[in-house]
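**Q** Structure in structure tokens, see below.
Okay, structure coming up:
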């Protein structure tokens with residue numbers, strides 16, 4: 005099925021990107037995780053009419069995209085899950101909010117401004133998470149979560165799930181492809197085999213997990229994984245990177261940078 | 006039903022992180038008490054299983070559309086509510102990080118709306134009570150369908166509340182609820198049927214794998230199917246009655262209920278966080294009243310605004326390209 009092949013491709017692609025040895029990939033995962041969360045909180049905290057303030061927040065994705073040498077075009081595809089719901093909720097705003105607001109010298113209906121800011125917030129936040137995951141492997145994110153004292157059981161669980169996703173997605177792909185080849189022209193799985201098809205896969209998966217557990221025991225598993233190693237230490241560049249962005253993001257949140265710049269242009273040419 | 010970061014305010018997101026965090030901490034405590042090391046790899050594989058099978062399209066007879074599996078209910082029916090809940094958290098986190106399906110800041114909301122209701126309420130209210138006395142195909146079907154419908158309804162209602170309290174949408178409460186609930190009623194029914202089909206298969210093939218079935222011989226349950234249905238009926242009537250009361254209030258049900266509770270409707274829509282953030286911005290900005298009112302040419306203002314944006318773009322791209330050039334390691338290093 006196309007959906008599943010696409011997902012496998014996307015996962016492999018992200019894995020490859022995250023394992024590159026770029027400057028951004030070498031930054032400490034905790035720094036990237038915290039900055040991503042901080043950025044998202046700041047973006048979301050903008051008032052619904054503060055379009056100009058929000059626009060200035062594009063600085064973070066712009067700079068990090070360029071530093072990470074990632075393809076902007078490929079990241080756009082990730083918006084497909086989130087944007088429809090955000091757009092539907094945003095699109096009704098112009099109908100209900102008829103207050104007039106002044107933005108960039110234009111008097112516009114408040115609902116239109118709030119719709120645009122909502123969609124922009126949706127785009128910025130999704131891009132921020134993409135920039136995190138495309139430059140940081142899941143193992144490193146798990147290490148960062150351990151540094152934040154997330155319980156071991158949870159972190160182990162996340163890592164195991166991630167590792168098995170590749171395996172099970174391929175299995176589901178094989179299963180659905182062979183089903184489709186035997187049921188041409190049929191959309192989806194017929195209800196008569198809903199239970200048996202997925203049920204068999206489930207039984208096989210649980211058997212597999214027993215095998216995994218046994219092999220883990222044979223390799224000395226005692227309920228613990230070591231996520232944090234010496235490589236996880238913060239270096240000077242990480243500190244500088246963190247402090248740089250904290251300052252820039254706070255400044256962008258507090259000062260209306262684009263309004264100041266446009267005021268400067270107005271003064272220059274006006 | 007995955008929420009995006011843009012659909013909640015930081016205050017709402019933080020509250021839901023705390024709520025989900027407490028539920029997760031309780032689940033971890035319960036799992037540690039069980040002291041079953043084997044459960045961890047099983048949880049990992051089951052998480053991946055749910056993730057993968059959610060991509061299978063199940064055709065719905067007579068409609069031409071397709072449905073998906075209900076993860077929370079299936080996981081808890083096999084792993085139990087605690088392990089099921091923790092597994093769902095990892096599935097949601099991976100969906101959010103790798104596929105941008107749900108936001109990182111609102112992960113707490115998503116965990117609550119999908120994992121908490123599905124795993125805890127689905128198991129405690131429907132699965133366990135109905136399986137304790139005697140398991141049968143009909144009981145499994147009933148528990149799965151009812152469980153999926155009710156937990157999805159609660160989840161959809163929570164999405165509505167979280168979005169409205171965050172002040173994101175101008176939609177009236179009653180309209181929003183009237184749109185969200187029926188859609189999720191249909192989804193819940195289909196997801197319940199698919200989940201039931203899988204669970205019935207497991208029941209026939211390896212019944213010992215289903216959670217809570219082994220207790221049947223040990224003790225008689227305090228609940229029966231009849232009692233569960235009566236409880237469900239009363240709960241539904243209470244919630245439904247309460248809801249319609251709120252929803253019919255004019256012109257905005259949430260505003261009305263806020264007025265009843267807090268004596269004011271001021272809290273509604275624009276969350277406090279916006280107000281305080283706005284006032285911080287106002288007091289600290291260099292030109293607080295800079296609204297271009299004195300400008301004689303609005304067109305000029307627009308153009309200078311665009312120019313301002315362009316300068317930001319140029320600065321960001323140019324600056325970062327420079328940094329990239331400087332920091333790039335030589336290829337042959």
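Chains as they are written, first to last, in the numbering used here: chain L, 5 to 274; chain U, 6 to 338. Glycine included, C-beta positions come from ideal geometry on N, C-alpha and C. Remember, predicted model here, so these are calculated numbers, not experimental data.
Does the CB of residue 198(L) have a neighbour CB from chain U at under 8 Å?
**A** Here residue 198(L) refers to the residue found at position 194 of the first chain. Closer than 8 Å to some Cβ of chain U, the Cβ of residue 198(L) qualifies, so yes.
**Q** Drop a sphere of 10 angstroms on the beta-carbon of residue 83(L), count the other beta-carbons inside from all chains shown, and report buried for 16 or more, exposed for fewer.
**A** What you label residue 83(L) is simply residue 79 of the first chain in a count that begins at 1. Flag for residue 83(L) reads buried.
**Q** Residue 77(U) and residue 119(U): beta carbons closer than 8 Å?
**A** The count along the second chain starts at 1 and reaches residue 77(U) at position 72. The count along the second chain starts at 1 and reaches residue 119(U) at position 114. In contact: residue 77(U) and residue 119(U) (Cβ atoms closer than 8 Å).
**Q** If the criterion is Cβ atoms closer than 8 Å, does the pair residue 15(L) and residue 170(L) meet it?
**A** In the first chain, the residue the question calls residue 15(L) occupies position 11. In the first chain, the residue the question calls residue 170(L) occupies position 166. The answer is yes: Cβ separation under 8 Å.
**Q** Excluding the 5 residues preceding and the 5 following residue 68(L) in the sequence, name in chain order all residues of the same chain whose CB lies nearer than 6 Å to its CB.
**A** On the first chain, position 64 is the one that residue 68(L) refers to. The residues are 135.
**Q** Give the range of the alpha helix (DSSP H) segment to which residue 239(L) is assigned.
**A** As a working mapping, residue 239(L) is identified with position 235 in the first chain. No alpha helix (DSSP H) contains residue 239(L), which DSSP labels as neither H nor E.
**Q** What number of angstroms, rounded off, separates the C-alpha of residue 205(U) from the C-alpha of residue 321(U)?
**A** As a first step, residue 205(U) is located in the second chain; it is residue number 200 there, counting from the start. As a first step, residue 321(U) is located in the second chain; it is residue number 316 there, counting from the start. Each residue's Cα considered, the two are about 57 Å apart.
**Q** Tell me, to the nearest whole angstrom, how far the beta carbon of residue 278(L) is from that of residue 25(U); I am working on the premise that it is less than 8 Å.
**A** The question about residue 278(L) has no answer, for chain L in this structure spans 5 to 274.
**Q** Can you check which of these residues, 49(U), 30(U), 182(U) and 153(U), is closest to residue 93(L) by C-alpha distance?
**A** Position 89 of the first chain, counted from the first residue, corresponds to residue 93(L). Out of 49(U), 30(U), 182(U) and 153(U), 182(U) has the C-alpha closest to the C-alpha of residue 93(L).
**Q** State the Cα-Cα distance for the pair residue 123(L) and residue 256(L), rounded to the nearest angstrom.
**A** As a working mapping, residue 123(L) is identified with position 119 in the first chain. As a working mapping, residue 256(L) is identified with position 252 in the first chain. One C-alpha to the other measures close to 19 Å.
**Q** Less than 8 Å between C-beta atoms, sequence neighbours within five positions excluded: which residues of the same chain meet that for residue 107(L)?
**A** Position 103 of the first chain, counted from the start, is the residue given in the question as residue 107(L). The residues are 53, 55, 56 and 117.
**Q** Determine whether the beta carbon atoms of residue 60(U) and residue 41(L) lie at a separation below 8 Å.
**A** Numbered from its first residue, the second chain carries residue 60(U) at position 55. Numbered from its first residue, the first chain carries residue 41(L) at position 37. Contact: no.
**Q** If you follow the beta strand (DSSP E) that residue 106(L) is part of, which residue opens it and which one closes it?
**A** Mapped onto the first chain, residue 106(L) falls at position 102. Residues 104-107.
**Q** Less than 8 Å between the C-beta atoms of residue 81(U) and residue 128(U), yes or no?
**A** Within the second chain, residue 81(U) is the residue found at index 76, counting from 1. Within the second chain, residue 128(U) is the residue found at index 123, counting from 1. Result yes, Cβ atoms of residue 81(U) and residue 128(U) sit closer than 8 Å.
**Q** Assuming residue 199(L) contacts residue 203(U) under a Cβ cut-off of 8 Å, what Cβ separation, rounded to an integer in Å, is found between them?
**A** The residue given as residue 199(L) occupies position 195 in the first chain. The residue given as residue 203(U) occupies position 198 in the second chain. At roughly 5 Å, the Cβ-Cβ gap stays under 8 Å, so residue 199(L) and residue 203(U) are in contact.
**Q** Which of helix, strand or coil does DSSP assign to residue 82(L)?
**A** As a first step, residue 82(L) is located in the first chain; it is residue number 78 there, counting from the start. Helix, per DSSP.
**Q** Just tell me which of 165(L), 205(L) and 47(L) has its CA closest to the CA of residue 132(L).
**A** For the purposes of this step, residue 132(L) is taken as residue 128 along the first chain, with counting starting at 1. Cα-wise, what sits closest to residue 132(L) is 47(L).
**Q** If you draw a straight line from the alpha carbon of residue 101(L) to that of residue 109(L), how long is it in whole angstroms?
**A** Within the first chain, the letter at position 97 stands for residue 101(L). Within the first chain, the letter at position 105 stands for residue 109(L). Approximately 20 Å between the Cα atoms of the pair.
**Q** Ordered along the chain, which non-local residues of its own chain (more than five positions away) have a Cβ less than 8 Å from that of residue 299(U)?
**A** Counted from its first residue, the second chain places residue 299(U) at position 294. For residue 299(U), the predicted structure reports a pLDDT of 45, less than 50, and the residue's modelled location is therefore unreliable. The matter cannot be settled from this model.
**Q** Mind the definition here: the stretch 44-56 of chain U touches the stretch 136-147 of chain U only if three or more C-beta pairs lie below 8 Å; say whether that holds.
**A** Touching, no.
**Q** Contact defined as beta carbons within less than 8 Å: I believe residue 207(U) pairs with residue 203(L). What is the distance between those atoms, to the nearest angstrom?
**A** By one-based count along the second chain, residue 207(U) stands at place 202. By one-based count along the first chain, residue 203(L) stands at place 199. Confirmed, about 6 Å.
**Q** So with Cβ pairs under 8 Å, would you call residue 35(U) a contact of chain L?
**A** Reading the second chain from its first residue, position 30 is the one you call residue 35(U). No, no contact with chain L.
**Q** With a 10 Å radius around its C-beta and 16 neighbouring C-beta atoms as the bar for buried, classify residue 42(U) as buried or exposed.
**A** Position 37 of the second chain, counted from the start, is the residue given in the question as residue 42(U). The residue in question, residue 42(U), is exposed, as its Cβ has fewer than 16 Cβ neighbours within 10 Å.
**Q** Identify, in the order they occur along the chain, each residue of the same chain with its Cβ nearer than 6 Å to the Cβ of residue 12(U), setting aside the five sequence neighbours on each side.
**A** Numbered from 1 along the second chain, position 7 holds the residue referred to as residue 12(U). Only 168 and 173 meet the Cβ criterion.
**Q** Could you say which of 198(U), 311(U) and 217(U) lies nearest to residue 75(U) if we only look at CA atoms?
**A** The residue you call residue 75(U) lines up with position 70 of the second chain. Per the Cα distances, 198(U).
**Q** Using C-beta distances below 8 Å, list every residue in its chain close to residue 11(L), excluding the 5 sequence neighbours before and after it, in chain order.
**A** If you number the first chain from 1, residue 11(L) lands on position 7. Correct list, in chain order: 173.
**Q** If you check the beta carbons only, do residue 60(L) and residue 247(L) fall under 8 Å apart?
**A** Here residue 60(L) corresponds to residue number 56 of the first chain, with the count starting at 1. Here residue 247(L) corresponds to residue number 243 of the first chain, with the count starting at 1. For residue 60(L) and residue 247(L), no; Cβs fall outside 8 Å.
**Q** Quick check on DSSP: helix, strand or coil for residue 64(U)?
**A** In the second chain, counting from the first residue as 1, residue 64(U) sits at position 59. Strand, per DSSP.
**Q** Assuming residue 122(U) and residue 160(U) make a contact with CB atoms under 8 Å, what is their CB distance in whole Å?
**A** As a first step, residue 122(U) is located in the second chain; it is residue number 117 there, counting from the start. As a first step, residue 160(U) is located in the second chain; it is residue number 155 there, counting from the start. Residue 122(U) to residue 160(U), Cβ: 5 Å. Contact.
**Q** Chain L beta carbons: is any one of them nearer than 8 Å to that of residue 300(U)?
**A** As a working note, residue 300(U) is residue 295 in the second chain. Because residue 300(U) sits at a pLDDT of 45, beneath the cut-off of 50, its placement in the model cannot be relied upon, and the following sentence gives the value as read from the coordinates. Residue 300(U) counts as touching chain L.
**Q** Given that a residue counts as buried once 16 or more other Cβ atoms are within 10 Å of its Cβ, and exposed if not, what is residue 179(U)?
**A** Mapped onto the second chain, residue 179(U) falls at position 174. Residue 179(U) is buried by the Cβ-count criterion.
**Q** Helix or strand or just coil, what does DSSP make of residue 295(U)?
**A** Working through the second chain from its first residue, we reach residue 295(U) at position 290. Note that residue 295(U) scores 35 on pLDDT, short of 50, meaning its location in the model is unreliable; the coordinates nonetheless yield the value given after this. DSSP places residue 295(U) in coil when its eight states are reduced to three.
**Q** Helix, strand or coil for residue 173(U)? Go by DSSP, reduced to three states.
**A** The residue you call residue 173(U) lines up with position 168 of the second chain. Coil.
**Q** Would you call the stretch 70-90 of chain L and the stretch 323-332 of chain U in contact, with 3 or more CB pairs under 8 Å?
**A** Judged by Cβ distances under 8 Å, the stretch 70-90 of chain L makes contact with the stretch 323-332 of chain U, as three or more pairs qualify.
**Q** Less than 8 Å between CB atoms is the rule here; does residue 248(L) satisfy it with respect to chain U?
**A** By 1-based counting over the first chain, the position of residue 248(L) is 244. By this cut-off, residue 248(L) is not an interface position.
**Q** Near residue 105(U), what residues of its chain come up, given a Cβ to Cβ distance below 6 Å and the 5 sequence neighbours on each side ignored?
**A** Within the second chain, residue 105(U) is the residue found at index 100, counting from 1. Result list for residue 105(U): empty, nothing under 6 Å.
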